[in-house]
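Written below as structure tokens is the structure these notes are about.
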Amino acid sequence: MTKDQEVPEDTLASRIVISKYSNFNKLLRVTARILAMHQRKPRPSFKNAAKILSSDDITNSENFWVKEAQRTLYEDIGKGRYKRLCPRKSEDGIYVVGGRGERWMEMSHNKNLIILLPYDHQFSRLYAEHIHR
Numbered sequence: 007m008t009k010d011q012e013v014p015e016d017t018l019a020s021r022i023v024i025s026k027y028s029n030f031n032k033l034l035r036v037t038a039r040i041l042a043m044h045q046r047k048p049r050p051s052f053k054n055a056a057k058i059l060s061s062d063d064i065t066n067s068e069n070f071w072v073k074e075a076q077r078t079l080y081e082d083i084g085k086g087r088y089k090r091l092c093p094r095k096s097e098d099g100i101y102v103v104g105g106r107g108e109r110w111m112e113m114s115h116n117k118n119l120i121i122l123l124p125y126d127h128q129f130s131r132l133y134a135e136h137i138h139r
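Position 8 (the sequence shown) corresponds to 14 in this note's numbering; numbering is contiguous.
Pasting the structure below:
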């Protein structure tokens, strides 16, 4: 191996090949089961993967993929690329749109925060297709 070649980081997200999923819900369910094997108490085991998934498990897997997709945004946000969107971190560590987006939410019935996602990530594509269906 030469100096120019980088060793890819071995993370849980890199082990789940997101490009093999064409269904948003299936990706979240598979990720929730994998996270269950790693995070459940009292200890990690394969029995945790067979348990019935709760809505919190699905929400945790969605947050996992949002944070993974936003890793590419950290550098751009630091450089001020998304300055007009007034990005800020929510309580759970996810970048959301501030400024005009917050004023719109005050006047709208939709009180959900607007999550900032990169356009070139596979998760963003799956999420957009899911919402449009």
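Where a beta carbon is used, it is the ideal one built from N, C-alpha and C, also for glycine.
In this text, all values refer to a predicted model and were calculated from it rather than measured experimentally.
The Cβ atoms of residue 52 and residue 133 lie no closer than 8 Å to each other. In terms of Cα proximity to residue 66, the closest of 21, 100 and 80 is 100. Residue 55 and residue 75 do not touch by the CB rule: their CB atoms are close to 24 Å apart, not below 8 Å. Under the criterion of beta carbons closer than 8 Å, residue 33 and residue 27 qualify as touching, at roughly 4 Å. Assigned with DSSP and collapsed to three states, residue 21 falls in helix. In the three-state scheme derived from DSSP, where H, G and I count as helix and E and B as strand, residue 101 is classed as strand. For residue 39, the three-state secondary structure derived from DSSP is helix. With contacts defined as CB atoms closer than 8 Å, residue 102 and residue 96 qualify as a contacting pair. Residue pairing for residue 95: DSSP places it in a beta bridge opposite 101. Counting along the chain, the unbroken alpha helix (DSSP H) around residue 63 starts and ends at 61–76.
Distance from the CA atom of residue 123 to the CA atom of residue 60, rounded to whole angstroms, is 25 Å.
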